[in-house]
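>
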Amino acid sequence: MSAMHEIPGGGQSLLTVEHLTMRFGGLIAVDDVSFQAADRRITAIIGPNGAGKTTVFNCLTGFYAPTVGRLTLHGRGGDFYLERLEGFRTAQQAGVARTFQNIRLFPRMSVLENLIVAQHNKLMRASGYTVLGLLGFTTYRMAEADAVDKARYWLDRVNLTDKADWEAGNLSYGDQRRLEIIRAMCIDPVLLCLDEPAAGLNPRESAQLNQLIKFIRDEHKIGVLLIEHDMSVVMGISDHVIVLDYGCLIADGTPEQVRGDPAVIRAYLGEDEKEELPAVVRQDLEQIQQAAPEQDGEAR
Amino acid sequence: MQHSFEYFLSQLINGVTLGAIYGLIAIGYTMVYGIIGMINFAHGEIFMIGAFVSLITFLLLGFAGVTWIPLALLIVLIMAMTLTAIYGWSLERVAYRPLRRSPRLAALITAIGMSIFLQNYVQLLQSARNKPMQPVISGGVELMREGEFAVSLSYMQMMIIVTTLVLMTCFSLVIARTALGRSQRACEQDQKMAALLGINVDRTISLTFVMGAALASVAGMMFLMYYGVIDFFIGFLAGIKAFTAAVLGGIGSLPGAMLGGLLIGLIEAFWSGYFTVEYKDVAAFAILVLVLIFRPTGLLGRPDIEKV
Amino acid sequence: MAVTATAARAGAGFSLPAMVKEAGLTALVVLGLSFYLVGFETLDVPGGVDIRTRFGDVAMAVVIAFLGRTAVFLLRVGRPRPVLLLAPPIALLILVALLSETLFGPVIGARVKLLVPFDSPVVMWAVLAVTVILAVRAAWRLSHDTQQLSDEQRDARAGAVAAQVQRALRYLGPALLVFALAMPFMPFANRQIVDIGTLVITYIMLGWGLNIVVGLAGLLDLGYVAFYAVGAYSFALLATYLDLSFWICLPFAGLMAASFGVLLGFPVLRLRGDYLAIVTLGFGEIIRIILLNWYSFTNGPDGVSGIPRPSFFGYDFTRNPAEGEASFHMLFGLEYSSMHRIVFLYYLILALALLVNFFTLRIRKLPVGRAWEALREDETACRSLGINPRNTKLTAFSIGAMFGGFAGSFFATRQGFISPESFTFIESAVILAIVVLGGFGSQIGVVVAAVILIGLPEIFRELQEFRMLAFGMAMVLIMLWRPSGLLAHRDATLRLGPVGRGGGTAR
Chain U
867 MSAMHEIPGG GQSLLTVEHL TMRFGGLIAV DDVSFQAADR RITAIIGPNG AGKTTVFNCL
927 TGFYAPTVGR LTLHGRGGDF YLERLEGFRT AQQAGVARTF QNIRLFPRMS VLENLIVAQH
987 NKLMRASGYT VLGLLGFTTY RMAEADAVDK ARYWLDRVNL TDKADWEAGN LSYGDQRRLE
1047 IIRAMCIDPV LLCLDEPAAG LNPRESAQLN QLIKFIRDEH KIGVLLIEHD MSVVMGISDH
1107 VIVLDYGCLI ADGTPEQVRG DPAVIRAYLG EDEKEELPAV VRQDLEQIQQ AAPEQDGEAR
Chain L
539 MQHSFEYFLS QLINGVTLGA IYGLIAIGYT MVYGIIGMIN FAHGEIFMIG AFVSLITFLL
599 LGFAGVTWIP LALLIVLIMA MTLTAIYGWS LERVAYRPLR RSPRLAALIT AIGMSIFLQN
659 YVQLLQSARN KPMQPVISGG VELMREGEFA VSLSYMQMMI IVTTLVLMTC FSLVIARTAL
719 GRSQRACEQD QKMAALLGIN VDRTISLTFV MGAALASVAG MMFLMYYGVI DFFIGFLAGI
779 KAFTAAVLGG IGSLPGAMLG GLLIGLIEAF WSGYFTVEYK DVAAFAILVL VLIFRPTGLL
839 GRPDIEKV
Chain H
909 MAVTATAARA GAGFSLPAMV KEAGLTALVV LGLSFYLVGF ETLDVPGGVD IRTRFGDVAM
969 AVVIAFLGRT AVFLLRVGRP RPVLLLAPPI ALLILVALLS ETLFGPVIGA RVKLLVPFDS
1029 PVVMWAVLAV TVILAVRAAW RLSHDTQQLS DEQRDARAGA VAAQVQRALR YLGPALLVFA
1089 LAMPFMPFAN RQIVDIGTLV ITYIMLGWGL NIVVGLAGLL DLGYVAFYAV GAYSFALLAT
1149 YLDLSFWICL PFAGLMAASF GVLLGFPVLR LRGDYLAIVT LGFGEIIRII LLNWYSFTNG
1209 PDGVSGIPRP SFFGYDFTRN PAEGEASFHM LFGLEYSSMH RIVFLYYLIL ALALLVNFFT
1269 LRIRKLPVGR AWEALREDET ACRSLGINPR NTKLTAFSIG AMFGGFAGSF FATRQGFISP
1329 ESFTFIESAV ILAIVVLGGF GSQIGVVVAA VILIGLPEIF RELQEFRMLA FGMAMVLIML
1389 WRPSGLLAHR DATLRLGPVG RGGGTAR
């Protein structure tokens, strides 16, 4: 897919996914999916459970090696082929950060420490790969102070400053989710991938999440890729929506376009039931429905 | 060192015999790993206890004047399996069940602790010296002869191989056909669901340990009769090799355990026969390392996909 | 909680048949377990094995099991009174029997001793200890009347204790250090005591070294003794073949050990916990077998002897030094005493151990140390943050190996002679036990564990026999009681707010 193709919702291409296919033995989890995600835009990937959304994420972030496909990240300092990057390098070199469906914090480390660990690579260099740090050179101490400042900045954004010294495992669920997101931001990514960030949040927390994600898009000017089931989040803040079903891409457009797309509706709500019933049952059903037409909507 | 076919054949027979013993122990490892996902580090000691129980029973039978060999063997077999099974059961109840929800590290530490405990328990009670025993079954058949060198298949070797085959078949039938076997396979795949369906998970796990212990005790009895001498430390080495066998064959796979046992036995026999005896244990350890590095699922195991 | 406490007080849940059944089952199992291995003792006689019966011991074991389980049952259902009534007298009886010789004089005492079922006094002391514990718990239950604590509550309480110990360390740490420095000059310090101190500190150093690998990075290493051995042998061979001094060989030995750490670690560190443990165990054994059999290089089972002793920066610890050289005692104008070298060795290992400790405390505050701990918590999350798991693990592994190598060099020079016998799997297990029991990642925990596990059996020689048995049992008991270890407690390496404001929880 050429970069000249216009992306729904606008913007410059940040991520180009071409013919991504993921096969596990005989099971095809992702089947020839191609799309583009724009920089400084929020792109949502939606679809029923088992559609292959997290598999796409795992391919993008180096946890799976795709069977087929080219994943190009147009990042800082050039293009990165994500399908070729080894696990941790997608974060280290390409600048792709992610969160997980089941929150993965460092539970026995403090909130602050979680954020400092995220800035590992920068701090390693500043500590002269540990040697200078051991000897007490000031370059490391200054770098660590900067790291704490960055952590404090993000903690303030999500109102976690008071709990900075708490053990991460002791935070409430909503706080843990937010911590995971700001921890991902601490690696200075160009693309932030959020895997169901609103799962388990109540409406107020979802609204706060929306604010946070929009803030990240607008103030930090990066691209956000988002897997979600919560439609208030998807429709509320996305610029671009991609719909997967059974591993295939079935819709790709703006939220308004996708909302009315019959293929999407079918995928979520199922086929019209009448056509699937056996003939005898269908006849009976039609007889009953003819007898009481005003109850048609409730019969199903 | 001879390069004749006869030499090869006798090493082959040695290897198969040894492999049978390792295989019986390996089944215990693989079953426990399959059902609760932990390495029962103390399983080697269960094997050792089986050998000691067999020894004591043989001695008692000797004092009691029981000389008809088939009867003696039967009694020893029953006593060994029963008493060792109690050890297996207690091991699970005391050391492993309370830690079922704990991190795997804690369970491993406990297993190591139990292994050390059992080794020293037997050492203190029975002294650290080697315990020899008169051969119970001697003699054999000569298969072929090349000048001075004869390839023989001893009755003991035959008994080991036949017993192992019989036990394996019974065991496979139990796993495949009976309700217990089904419960076990269900628990292996999804414990919570099995419990929800009414399977008594605790009892299934206990029975798994008991069966593994029983098989290991038979291996202990065979070991005692074949080598004629045991001590409190035989569990350590045999345990590691049997675990290697289980991993080689594919941890969690029953046929894998037997296959792995056979392979390890053959490798050990051929290595001692054609290279050096001193380093034969290194061969086993080296295989363990290589398998875990290059093919951790083993030969017949199922690949493990980690869900992120 | 109040409702259930009332129910417990009323004795709900207590039924005599249930109690008898439970205790009876336990007794039956103990009978099955002990009948053979305890009941029959195989004696080595010329020409084979003989059998001796010890059914008295079996009977006693069964009775103790029955009574013990009954007591546990009673405590569990909230009827502590019977336990409180019976346990103290029984404990007293056992105590009297144990001390019978001192109390009643040798003749009557010996007769009383015959009443004591088990031959070994150590076992009886253990039974006494258990009885006392039961009595104490009964008293506690009676006065507090609470439901048994759940696992989390117990863990939380133990955690609070550990946290207090950690805080007390600000004063306790320096105090311990001063004590350790001054120990050789204290009135009770004779050669044996200083020797024991040296041994304990050697194990503390090994524990601190392994702590980096297991405690901080969470890599289960069951073959740590391999690096100890590599260090010892590198040092020994360098010193005997090339005639180099201690201070030159030491860094080389550490380097060798670290290289082995990289070599061994590189292929295996990506394996999961259990498998990594077994593989490292395999490596440990492989190294030992090679050392045992490579006669031409390592002298095999004969070992390497004639390893030079360390000198005080060039001044040997000999009574009569070589021509033109001064020895240590001359330098300071003291009478020659063999204690000088012993004390020097003590301070040497103390310095090495403190080096490891200092390093560990520093590295926790550096990115690599935090990365180790993060890796231990969740490797997948680390990967998602751009941390290279393989290199990070390798660093921990090889640094731990290096310190093990240093300890090995010290061991070689202290003994003057090494052989493969000293480097068995049991050593790895002991060091692991020290780390585990003390609490993963806890420096003070390692000290406590080493003092108890190494120091006590040395001081009380009768315990030697039971040392490994107790090890095994202790490992199991601690894991059952508190899987994270006795004094495990983690203080954050970086704080935003003042100390004391960090213990919040929303759960």
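Residue numbers (the numbering used here), protein chains in the order written: chain U, 867 to 1166; chain L, 539 to 846; chain H, 909 to 1415. Each residue gets a CB set at the ideal place from its N, CA and C atoms; glycine is no exception. Remember, predicted model here, so these are calculated numbers, not experimental data.
1. Quick one: does L/Leu826 have its CB under 8 Å from some CB of chain H?
2. For U/Gly1089, which beta-bridge partners are listed by DSSP?
3. Would U/Gln908 and U/Asp1105 qualify as a contact pair, given that the criterion is a beta-carbon distance under 8 Å?
4. Who pairs with U/Phe946 in a beta bridge, going by DSSP?
5. Taking the DSSP output, what are the residues bridged to L/Lys669?
6. Would you list the one or two residues that DSSP bridges to L/Ser690?
7. Based on the DSSP output, what are the partners of U/Ile911 in its beta bridges?
8. Go ahead and label H/Ser1336 buried or exposed: buried means 16 or more other beta carbons lie within 10 angstroms of its beta carbon, across all protein chains shown.
9. Confirm, please, whether the CB-CB distance from H/Leu1260 to H/Ala1315 is below 8 Å.
10. Just to check my reading of the structure: U/Gly941 and U/Val1056 have Cβ atoms closer than 8 Å, yes? What is that Cβ distance to the nearest angstrom?
11. Can you name the start and end residues of the alpha helix (DSSP H) that H/Thr1188 belongs to?
12. Taking CB distances under 8 Å as the criterion, tell me whether H/Ala1185 reaches chain L.
13. Along the stretch 1123-1137 of chain H, what residues have a CB closer than 7 Å to any CB found in chain L?
14. Cβ-heavy atom distance between H/Leu1256 and the ligand COA below 7 Å?
15. Excluding the 5 residues preceding and the 5 following U/Thr965 in the sequence, name in chain order all residues of the same chain whose CB lies nearer than 7 Å to its CB.
16. Tell me whether L/Val604 sits in a helix, a strand or coil according to DSSP, three-state version.
17. Do L/Leu646 and L/Met576 come within 8 Å of each other at the CB atom, strictly closer than that value?
18. Over what stretch of residues does the beta strand (DSSP E) that includes U/Ile894 continue unbroken?
19. Taking buried to mean at least 16 other C-beta atoms within 10 Å of its own C-beta, is H/Pro1328 buried or exposed?
20. On the DSSP bridge assignment, give the partners of H/Glu949 in chain order.
21. Per DSSP, what kind of secondary structure is U/His885 in: helix, strand or coil?
22. Out of H/Val985, H/Val1040, H/Ser1204, which one is the CA nearest neighbour of H/Ser923?
23. Please report the Cβ distance between L/Thr568 and L/Gly777, rounded to the nearest whole angstrom; I am assuming they are in contact, meaning their Cβ atoms lie under 8 Å.
24. How far does the alpha helix (DSSP H) with H/Gly1139 in it extend, from its first residue to its last?
25. Between H/Glu1366 and H/Leu1107, how many whole angstroms is the CB-CB distance? I'm expecting something under 8 Å.
26. To the nearest angstrom, how far is it from the Cα of H/Gly1405 to the Cα of U/Met975?
27. Distance cutoff 8 Å, beta carbons only. Does H/Ala1289 sit that close to anything in chain U?
28. CB-CB under 8 Å to H/Glu949, same chain, minus the five flanking residues each way: which ones, in chain order?
29. I believe L/Glu583 touches L/Phe747 by the beta-carbon criterion, under 8 Å. Please report the beta-carbon distance rounded to the nearest angstrom.
30. Give me the chain H residues within the contact set of U/Gly953, using Cβ-Cβ distance strictly less than 7 Å, ordered along the chain.
31. Taking the Cβ atom as the reference point for each residue, do H/Leu1177 and H/Lys1301 lie within a distance shorter than 8 Å?
32. Could you tell me the distance, in whole angstroms, from the CA atom of L/Ala644 to the CA atom of H/Met1387?
33. Assess, as a yes-or-no matter, whether the stretch 1267-1287 of chain H is touched by the stretch 984-995 of chain U under the definition of 3 or more beta carbon pairs within less than 8 Å.
34. Between L/Ala666 and L/Phe770, is the Cβ-Cβ spacing less than 8 Å?
35. Under 7 Å between beta-carbons, which chain L residues line up against H/Tyr944? List them in chain order, please.
36. Measure the CB-CB distance between L/Gln549 and L/Phe808 and report whether it falls below 8 Å.
Let's see:
1. At least one beta carbon of chain H lies nearer than 8 Å to the beta carbon of L/Leu826.
2. Bridge partners of U/Gly1089: U/Leu1057.
3. It is worth fixing the name first, because residue 908 of chain U is Ile in this sequence and not Gln. In this structure, U/Asp1105 lies closer than 8 Å to U/Ile908 by Cβ.
4. For U/Phe946, which the question treats as bridged, DSSP gives the partners U/Leu939.
5. Partner(s): L/Ile768.
6. Listed as beta-bridge partners of L/Ser690 by DSSP are L/Glu680.
7. DSSP, once it has assigned bridges, lists U/Ile1093, U/Ile1108 as partnering U/Ile911.
8. It counts as buried.
9. Taking a C-beta distance under 8 Å as the contact criterion, H/Ala1315 and H/Leu1260 qualify as a contact pair.
10. The pair is a contact, with the Cβ atoms about 5 Å apart (cut-off 8 Å).
11. It spans 1181-1201 - the alpha helix (DSSP H) in which H/Thr1188 sits, taken as one unbroken run.
12. A Cβ of chain L is located within less than 8 Å of the beta carbon of H/Ala1185.
13. Against chain L - using a Cβ distance shorter than 7 Å - the residues of the stretch 1123-1137 of chain H are Leu1128.
14. With respect to the ligand COA, the structure offers nothing, as it holds no ligand at all.
15. Once the five neighbours on either side are set aside, the close Cβ partners of U/Thr965 are Glu1046, Ile1047, Ala1050, Leu1060, Asp1061, Pro1063.
16. Correct three-state label for L/Val604: coil.
17. Contact: yes.
18. Bounds of the beta strand (DSSP E) holding U/Ile894 are 893-904.
19. Counting Cβ neighbours within 10 Å, H/Pro1328 comes out buried, since at least 16 surround it.
20. Paired residue(s): H/Arg960.
21. Strand, per DSSP.
22. Checking every option, the nearest Cα to that of H/Ser923 belongs to H/Val985.
23. The C-beta distance from L/Thr568 to L/Gly777 rounds to 13 Å, too long to fall under 8 Å, and the pair is not in contact.
24. Where H/Gly1139 is concerned, the enclosing alpha helix (DSSP H) starts and stops at 1133-1150.
25. At roughly 7 Å, the Cβ-Cβ gap stays under 8 Å, so H/Glu1366 and H/Leu1107 are in contact.
26. Roughly 15 Å between the two C-alpha positions.
27. Yes - at least one Cβ of chain U is within 8 Å of the one on H/Ala1289.
28. Closer than 8 Å at the Cβ level, and outside the excluded window around H/Glu949, lie Ile959, Arg960, Thr961, Arg962.
29. With a beta-carbon spacing of about 13 Å, L/Glu583 and L/Phe747 fall beyond the 8 Å limit used to define contacts.
30. Those are Arg1291, listed as they occur along chain H.
31. Contact flag set, yes.
32. Cα to Cα, L/Ala644 sits roughly 6 Å from H/Met1387.
33. Yes, the stretch 984-995 of chain U touches the stretch 1267-1287 of chain H.
34. In this structure, L/Ala666 places its C-beta atom within 8 Å of the C-beta atom of L/Phe770.
35. What H/Tyr944 touches in chain L: Val591, Ile594, Leu621.
36. Less than 8 Å divides the Cβ of L/Gln549 from the Cβ of L/Phe808.
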